[in-house]
Amino acid sequence: MEKNMRMTQIVESTITDMSPRIQLDNVKKVYKSGSLETIALRGVTLSVYPNDFLMVVGPSGSGKSTMLHLMGALDKPTEGKVFIEGYDIGSLKKNDLANIRLTKVGFVFQFFNLIPTLTAIENVELPMALANVPKKLRRKRAIELLKAVGLGHRTTHLPSELSGGEQQRVAIARALANNPAILLLDEPTGNVDSKTAASIMQVLTNLNRDGRTIVMITHNHELIKYANRVAQIRDGIIISDERKEQEV
Amino acid sequence: MRIRDVLWYALSHMKKKKKRSFLTMLGVLIGITAIVSITSLGNGFQVTFTGELENSLGVNTLTVTTTSFGGPSGSRQTYDTILYAEDADYIRNIDGVKAATAVKSVTGDVHIDNISYTLTIQGVNISEYAKIYESTFKTYSGSFEKLENDSVVVGYNVAFPYGNETQAIHDEDNLTVTLTYRSGVRFITRNFTFTVVAILQQAGGFSQQDTALFVPLETVLDIYNTTEVSYIVVSVESSDKIDSVKEKIKEYYHDEIAVNSSEALLSTMESMFSIMVLFVSAIAAVALIVAGVGIMNIMTVSVTERTREIGILKSLGAKDRTILGIFLAEAAVIGFLGGIAGIIFGLITANILGSQLFAMFSSGFSSSGGTRTLTANTSLVITPIFDPLTGVMSLLLAVGLSIIFALQPAYNASKKDPVQALLYF
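For the protein sequence lines, the chains are A and B, in the order given.
Each residue of the first sequence is one higher than the one before, counting from 1 in the working numbering.
Each residue of the second sequence is one higher than the one before, counting from 1 in the working numbering.
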């Protein structure tokens, strides 16, 4: 995949722990619907580092989700630049963007977004199938991932047969399938009870401790304690960005 | 994504949406069933029909008559020439002619077990006639050897009029035939008694002999006090001599005659059948196009319904061509399964139709006056002929059409914006 990709800019020639995995540089995003223009981001500059467990908080319509979509190469900025592991998202072609989503980032959504016609294990295998991982290997890894999120016994169930918490854990396992360095979560605990939310947060904390960069959007201020960095966004602008030291 | 995985994904969706997939498939199934059953039945019909025609017309036979066989495109032509019984003697001596007989065909009533039947009575030179139709004009019992003026050869269904083993007429029976003829301006109805010398084997198919009586030509000519005949049938030694014999006969009649060959009739029949098969295939093709539109319709609905799923797939890193592939694979699978099922159902339909529907082609003759109908129990069974190439072609057609009609909705699916698609509810 690297060969096919146009490497327009690499932030640093060698990516060390200190180089940001995601970098937003004065990013503006405007949605046009007919003659109506909606400004979602008004100039966001933000660097997300490998060890970050970044919690993004803000009211509805503040631009949180838009920012997450840009961080996950689902969308391109209207102005400014977005870099994901050094790749300039704005200058990439559709296929290259798809490759970034396939290998560099993992998405988890509020409404789980599992494929309803696939079983838990098939859902986890899906990103690996997209990445042409051989069948045997992906089945093995899917079982490992489901075990890791505590669902080793529910592998052949359809999403409709799983509880909200279980579905979300399948979604996390799926996001990790191709071993991405970045995990992007859009209110992952928004549709589960507080106990399940706590267990999900524990899984995420462990993943972050293992070196995965996590960016998570939430409305729930109680969850802030799990993060090591909190950014507040309002009207498309980051109004605060605090790093907490040595949170256990 | 590998093709195998694309298929896996498409199939997993279809499995969960069995009813919808089946209904979509149904259109293809019906179209292919129509094509396969019609073509295999058409082929079988053609083979059976030509076989039966050859049987009843004889091989390398010519019919000298005053009315030309027009065929589907040509027009019939009628000549004023009168055919005489002696003409057959001339024709018999033409080089290349194996046998020839004049035929005087009349209608008479026959009483069998106190039931009156109206039958065709053919005045022919029986030994010559047997040479011309050597494959069908064979004795079931008796022989053609000791022929007298009052001899009669009886068709199988006349001897067995009940359609079972019960034989109503036996050799050496006396058979009373009521004939009506004109003497001057008067109509005279008289009974004539004939002696049965032979009963014919069942010819079946289109042959008229099963429900006819054959008597010596001279006898019929005497009764009707004429030397005019209905037509002359000629058997030619080999097919390459047909044209020369035809020419010589035409010369004899100064070109004022029609010489119809069984081959010409057969080839006309064959071309008519191929036109029929082509025509009905065109209707089946329309059915398939309708099925294609059905696929397009379902796919369009499906793409809209699955907008969110498309968004999820894109967020997971699926490329546009993968999405395109998934929807096309679904269409291809629908086309393939519909095609396979259509071929199977087509063959079943063809076999049922072949054995049941075409029973109506059974030969027989209708009642007239108060007389009873004598129906031949020989129904024509069409054995469908399935050409494997037709199978392969219809399968390709089913898959190809399904893919073509799914192209537009699948393309739309692949081009959906991932963010918009994810927000779709």
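Where is the CB? At the ideal position from N, CA and C, for every residue including glycine.
Would you list the residues sitting across from residue i in a DSSP beta bridge?
{"i": "residue 187 (chain B)", "result": "B:182"}
{"i": "residue 228 (chain B)", "result": "B:84"}
{"i": "residue 104 (chain B)", "result": "B:123"}
{"i": "residue 106 (chain A)", "result": "A:183"}
{"i": "residue 32 (chain A)", "result": "A:37"}
{"i": "residue 198 (chain B)", "result": "B:142 and B:153"}
{"i": "residue 42 (chain A)", "result": "A:28"}
{"i": "residue 55 (chain A)", "result": "A:216 and A:230"}
{"i": "residue 47 (chain A)", "result": "A:23"}
{"i": "residue 464 (chain B)", "result": "Coverage of chain B is limited to positions 1 through 425, which leaves residue 464 (chain B) absent and any answer about it impossible."}
{"i": "residue 78 (chain B)", "result": "B:67"}
{"i": "residue 99 (chain B)", "result": "B:235"}
For a test of the three-state rule: what should DSSP assign to residue i, helix, strand or coil?
{"i": "residue 18 (chain A)", "result": "coil"}
{"i": "residue 1 (chain B)", "result": "coil"}
{"i": "residue 111 (chain B)", "result": "strand"}
{"i": "residue 260 (chain B)", "result": "strand"}
{"i": "residue 413 (chain B)", "result": "helix"}
{"i": "residue 237 (chain A)", "result": "strand"}
{"i": "residue 212 (chain B)", "result": "strand"}
{"i": "residue 175 (chain B)", "result": "strand"}
{"i": "residue 157 (chain B)", "result": "helix"}
{"i": "residue 244 (chain A)", "result": "coil"}
{"i": "residue 229 (chain A)", "result": "strand"}
{"i": "residue 84 (chain A)", "result": "strand"}
{"i": "residue 75 (chain A)", "result": "coil"}
{"i": "residue 89 (chain B)", "result": "helix"}
{"i": "residue 425 (chain B)", "result": "coil"}
{"i": "residue 177 (chain A)", "result": "coil"}
{"i": "residue 238 (chain B)", "result": "coil"}
{"i": "residue 214 (chain A)", "result": "strand"}
{"i": "residue 116 (chain B)", "result": "strand"}
{"i": "residue 23 (chain A)", "result": "strand"}
{"i": "residue 405 (chain B)", "result": "helix"}
{"i": "residue 156 (chain A)", "result": "coil"}
{"i": "residue 381 (chain B)", "result": "coil"}
{"i": "residue 93 (chain A)", "result": "coil"}
{"i": "residue 291 (chain B)", "result": "helix"}
{"i": "residue 168 (chain B)", "result": "coil"}
{"i": "residue 203 (chain B)", "result": "coil"}
{"i": "residue 94 (chain B)", "result": "coil"}
Need the endpoints of the beta strand (DSSP E) that residue i sits in, please.
{"i": "residue 33 (chain B)", "result": "No beta strand (DSSP E) contains residue 33 (chain B), which is instead part of the alpha helix (DSSP H) from 18–57."}
{"i": "residue 438 (chain B)", "result": "Residue 438 (chain B) is absent from the structure shown; chain B starts at 1 and stops at 425."}
{"i": "residue 140 (chain B)", "result": "139–142"}
{"i": "residue 135 (chain A)", "result": "No beta strand (DSSP E) holds residue 135 (chain A); the alpha helix (DSSP H) holding it covers 135–148."}
Just to confirm the assignment, what range does the alpha helix (DSSP H) spanning residue i have?
{"i": "residue 355 (chain B)", "result": "320–356"}
{"i": "residue 130 (chain A)", "result": "120–130"}
{"i": "residue 205 (chain A)", "result": "194–209"}
{"i": "residue 313 (chain B)", "result": "307–315"}
Just checking: is the beta-carbon of residue i within a distance shorter than 7 Å of some beta-carbon in chain E?
{"i": "residue 107 (chain A)", "result": "Considering every chain present, this structure includes no chain E. Its protein chains are A and B."}
#### Entry: Interfacial residues, the segment 53–87 of chain A to chain B, with Cβ spacing under 8 Å
69, 72, 74 and 75
### Near-chain A residues of the segment 289–322 of chain B - C-beta to any C-beta below 9 Å
Look at the segment 289–322 of chain B: the residues with a C-beta under 9 Å from a C-beta of chain A are 308, 309, 311, 312, 313, 314, 315, 316, 317, 318, 319, 320, 321 and 322.
### Task
Scan the segment 14–39 of chain B for residues whose Cβ lies nearer than 7 Å to a Cβ of chain A and list them as they occur along the chain.
16
### Message
Output needed in chain order: residues of the segment 391–415 of chain B with a Cβ under 8 Å from some Cβ in chain A.
### Response
none
### Query
What residues in the segment 332–349 of chain B have a beta carbon less than 7 Å from any beta carbon of chain A?
none
### Residues from the segment 252–278 of chain B in contact with chain A, defined by Cβ distance under 7 Å
none
### Query
Looking at chain B, which residues of the segment 128–153 of chain A have a Cβ within less than 9 Å of any of its Cβ atoms?
129, 130, 131, 132 and 135
### Message
So if I threshold CB-CB distances at 8 Å, which residues from the segment 201–225 of chain A count as touching chain B?
### Response
none
### Query
Residues in the segment 90–101 of chain A with C-beta within 9 Å of chain B's C-beta atoms, listed in sequence order?
94, 95, 97, 98, 99, 100 and 101
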